[in-house]
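Visitor: Top to bottom, those sequences are chains A and B. Under this note's numbering, the first residue of the first sequence is numbered -15, with each subsequent residue one higher. Under this note's numbering, the first residue of the second sequence is numbered 557, with each subsequent residue one higher. C-beta: ideal position from N, C-alpha, C; glycine also. Every value quoted in this text rests on a predicted model; they were computed, and no experiment measured them.
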Amino acid sequence: MKTRRSLFSVLITLALLLLTGFYVILLGYTYWQYHPTALWELIATREIRHAIGLSVVCATIATGIALFIAIPASYVLSRKNFPGKIFLDTLLDIPVFVSPVAIGALLLVFFTSPLSKHFQEKFFPIVFAVPGIVIAQFTVIAGLAARMMKSTFDQIPSRYEEVARTLGCSPVQAFRNVTLPLAKNGFLAAAVISWARAIGEFGATITLVGAAAMKTETIPTAVYLSFASADIDRALTMVAILILTALSGLFIIRFIAGKEVRF
Amino acid sequence: MITLENLEVKLKGFHLKNINLEVRDGEYYILLGPSGVGKTVIIETIAGLHKQRSGKIVIDGKDVSYSPPEMRQIAFVPQDVSLFPHLTVLENILFGMKIRKINQKVYKPLLDDLIEVLQIDHRLAVFPLTLSGGEKQRVALARALITKPKILLLDEPMSALDPPIRRQLQKVLKEIYIHFGVTILQVTHDQEEAFILGDIISVMMDGAVVQTGKRNRVYFFPETKQIALFTGMENLFGGEIVGLDEKQKQIALNHNGVTFKASYDRTIPKPPLFFGFRAEEVMIIKDDRPIPGDIADENLIVAILKKVIEKGSSHTMEFEEATRHLPIIAEVPNYVYRKLKYTIGQEMKVFIRGKNICLMEN
C-alpha cells in the first residue's frame, strides 16, 4: 500500500515537473540560443513603452467590463431555470471553439456595417482604433469569465442565500453579503485568467484594429511584427516583455484580491 | 399565530394539497412524518422559499402568502444549518442585525443572553468550519433567535447529530423555548423527538396532514393504523365489534377469538376497524400478587413469554396469548424486568387498561 502510494506521489510530481519543465526549457533554450537585444534598451524606446502601456490598460479595461457583465449573467445562468437556458449557456463557449482570428473577422464585418459606421462616426471609432482593442479582447474573454464565474456560483449552495433572505436580506443584499464574498476565490481566478488571456490576445485584435505603431500596437502584435520583419532578437525580447508584464499583472491581481481570502 | 389555509404547493416530485395548520403563539408545534412526505416543503413555503399554487399563509392576521422571505418576520434553520463560512461565529449571529442596521445597544442584552443559554461564548471568534455539529446548531439557533422572529422554523435540526449530542440539543431547544418564549414549528421524522419536544403534533402522510392534536393524544390515540405504525404502536390488531355500551362509552372488540374491552371518547371509526395499545401500557401481573378487583373485569390475559430483547434502558418482552397465540408486546423498565425474574416459556398474566386501548381506521 505504502509503495503504491509513493509511486502515485512520484507520478503526479513527475507530471508537474514535466509541465513546468517544458515551459522552462522552451524559454531557456530560446534565450540561450539567440541572446536577444538588451531588454532595458528596448523597453526604453517610446514605441515599446506605448505598446506595453496600451496592452496593460486595454486588458485591464476589457477584464473589468467582462467581469462586470459576466458576474450577473453567470449568476442568472447558475440560479435560474428558464426556457433556452442550455442554448445561452452553450453560446458562452463560442470564444473557446471559434479561433480568435475568426472572432476578429466577425467583429470587423460587424463594425464595418452601415449601422456600426454611423455609431462610430457619432461616438468613437472602433475599427483600427484603440477602443477596438478593448472590444476584441472583451469578446474573447467575456465568455471565459462567465463560464468560470458560473462554475463558481454553481458550487455555492443557494441555501446560503435563502437563509440570508429569512434573516432580512433582499435578493441584492443576499447576493452582495453572502454569495459574492463566497465567490471571491472564483472571482480572483476569473480575473487572473481573463486578464492574462486579454493581454496575450492577438488574433482578434490584429484583425479588427491592425498593428499601427504608436497607435494600435500591443505587445503580441509587436512580437508578430518583429517576426514578420525577421528581427528575431527584437521578437524574443518582446516575448520576454510580454511574459514579464503578464506575470507582474497576475501577481498584482493575486496580491490585491487574494490577501483577504481566508477559507 | 400562524395559519395555513388550504395550502397547495407543487414542486418537482411533490404535490401537497389542502394543508391546514394553525400554530398558536407560544406553542412548540411539531410536523411529524416519514422522510419524503413534504414536511420540508411546507416549512420552506412558510419561510417564503417556494411559491404556493393556492391557499393562504397568515402570520399574525396578515396574509403573507406573496410576501418575500425578508418581510415575513420568521427565522428558518435548515437541516444543514448553512452557517455562512466566510463569517465568524459572532458575525454569523449578528448577520440579521447588521442587515437591518440595528444598533448594538438594542440587541446586546439578547445577544448576551443567547450566548449564555446556548453556551457558545468560547467559540465566537472562530469560523464555522471548525465547529462540531452540535455547536453549529447552537450558532444557527442564536443567529435565528436574535432577530426576534414571530416563529422559528426548524427543519430536522437533529438529524445529522450523534445520539448524545442530539439529547443535549433537545434540552437546549426546550430551554430556549421556555426561556425566550418563542413560537416554534419544527419538522422531524423522529417520533421520539416529536413527543419529547412538541406541545402539538401534526402527523403527515402521503403529502397530507392526517392527524393533529396534543402530544399525548397523538401518541396514545393515533387515528389510523398507518399513524399508529409510524408512531411506534407495537400492538395492533384488526377488530370486530362484539359489544357496545354507548352510555358508558364501552366497546368490546374481538380479534381472532380474543376479546378486548376498550373505552372510547370519540366517534367509533368506520370498519374495517383496528385497535391497538402501546407496549409500555402493558402491565405484567406477578403470580404471587392478588389481582385488584377493578382490573379483574378488564383485559387480563394469560400469556406465554416467548422472547426478551434487551434495549439498554428497557426490555421488550414478547408474549403469546395462551390459547389463540395472539402476539402481545410489553415494554418494561430494567428495574421492573429484574424484579420479575421470568424465564422464556413461562406462563403469566398481562393486563391492558381499557382506557389505553385506541380505536382507529385502517
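Between B/G690 and B/I721, is the Cβ-Cβ spacing less than 8 angstroms?
Guide: Their beta carbons are under 8 angstroms apart, which means B/G690 touches B/I721 by this criterion.
Visitor: For chain A, find out if any of its Cβ atoms is closer than 8 angstroms to the Cβ of B/I613; answer yes or no.
Guide: B/I613 does not count as touching chain A.
Visitor: Could you list which residues in chain A have their beta carbon closer than 9 angstroms to that of B/P624, in chain order?
Guide: Going along chain A in sequence order, the residues near B/P624 (Cβ under 9 angstroms) are R149, S154, P155.
Visitor: Give every residue of the same chain whose Cβ lies closer than 8 angstroms to the Cβ of B/A784, excluding the five residues on either side of it in the sequence, and list them in chain order.
Guide: If we look at B/A784 and ignore the five residues flanking it on each side, its Cβ neighbours are P778, L792, F830, G832, C914, M916.
Visitor: Taking Cβ-Cβ distances shorter than 8 angstroms, what residues in chain B pair up with A/V124?
Guide: Per Cβ cutoff of 8 angstroms: no residues; A/V124 is ~32 angstroms from chain B at best.
Visitor: Give a yes or no on whether the minimum CB-CB distance between A/V261 and chain B is below 8 angstroms.
Guide: This structure leaves residue 261 of chain A out entirely; chain A is present only between -15 and 247.
Visitor: Please name the residue, chosen from B/N562, B/Y584, B/Y820, that lies closest to B/N574 on a Cα-to-Cα basis.
Guide: Selected option, being the one with the closest Cα: B/N562.
Visitor: Skipping 5 residues on each side, what residues in its chain have a beta carbon closer than 6 angstroms to that of B/I865?
Guide: Closer than 6 angstroms at Cβ, skipping near neighbours: T872.
Visitor: Tell me which residues share the same chain as B/I807 and place their Cβ nearer than 8 angstroms to its Cβ, disregarding the 5 neighbours each side in the sequence.
Guide: Closer than 8 angstroms at Cβ, skipping near neighbours: I797, G799, L800, D801, K817, A818, S819, Y820, I824, L915.
Visitor: Kindly list the residues whose CB is nearer than 8 angstroms to the CB of A/V245, restricted to its own chain and excluding five residues on each side of it in sequence; keep chain order.
Guide: Low local confidence applies: a pLDDT of 44 at A/V245 is under 50, so the model's placement there is unreliable, and no value is given.
Visitor: Anything in chain A within Cβ reach of B/P634, meaning under 7 angstroms, just list it in chain order.
Guide: Going along chain A in sequence order, the residues near B/P634 (Cβ under 7 angstroms) are R143, V147.
Visitor: Please tell me whether A/V162 has its Cβ less than 8 angstroms away from any Cβ of chain B.
Guide: True, the Cβ-Cβ gap to chain B drops below 8 angstroms.
Visitor: Could you compute how far the alpha carbon of B/I740 sits from the alpha carbon of B/E712?
Guide: If you take the alpha carbons of B/I740 and B/E712, they lie about 12 angstroms apart.
Visitor: For B/A603 and B/F632, which I take to be in contact (beta-carbon distance under 8 angstroms), what is that distance rounded to the nearest angstrom?
Guide: Going by Cβ atoms, the distance from B/A603 to B/F632 rounds to 4 angstroms, so yes, they are a contact pair.
Visitor: Does any C-beta atom of chain A lie closer than 8 angstroms to the C-beta of B/R656?
Guide: So, interface residue.
Visitor: Could you check which residue in B/R694, B/K661, B/Y663, B/L685 has the C-alpha nearest to that of B/D677?
Guide: The shortest C-alpha separation from B/D677 is found at B/R694.
Visitor: How big is the Cα-Cα spacing for B/K664 and B/L674?
Guide: Using only the alpha carbons, I get a separation of about 15 angstroms.
Visitor: From the DSSP output, in three-state form, read off B/K905 for me.
Guide: DSSP places B/K905 in strand when its eight states are reduced to three.
Visitor: Quick one: any contact between the segment 126 to 143 of chain A and the segment 53 to 71 of chain A, if contact means 3 or more CB pairs under 8 angstroms?
Guide: As far as the Cβ criterion goes, the segment 126 to 143 of chain A touches the segment 53 to 71 of chain A, which means the pair count is three or higher.
Visitor: Ends of the beta strand (DSSP E) at B/T815?
Guide: Note, B/T815: beta strand (DSSP E), 814 to 819.
Visitor: Identify which residue in B/P828, B/V765, B/L567, B/F875 has its Cα closest to the Cα of B/T601.
Guide: Measuring from the Cα of B/T601, the nearest candidate turns out to be B/L567.
Visitor: Where B/V892 and B/I841 are concerned, what is the direct C-alpha to C-alpha distance, given to the nearest angstrom?
Guide: Taking the straight line joining both Cα atoms gives about 11 angstroms.
Visitor: Is it buried or exposed for A/S(-7), if we count other Cβ within 10 angstroms and need 16 for buried?
Guide: Result: exposed.
Visitor: Measure the Cβ-Cβ separation of B/S715 and B/Q635 and say whether it is below 8 angstroms.
Guide: Closer than 8 angstroms, so yes.
Visitor: DSSP state of B/L639, grouped into three classes?
Guide: In this structure, B/L639 counts as coil in the three-state DSSP scheme.
Visitor: Since A/C153 is in the beta strand (DSSP E), which residue starts that stretch and which ends it?
Guide: Unbroken run through A/C153: none, as it is neither H nor E.
Visitor: Counting only beta-carbon atoms, is B/R694 nearer than 8 angstroms to chain A?
Guide: False, the Cβ-Cβ gap to chain A never drops below 8 angstroms.
Visitor: Excluding five sequence neighbours on each side, which residues of the same chain lie with their C-beta closer than 7 angstroms to the C-beta of B/M653?
Guide: Y663, I702.
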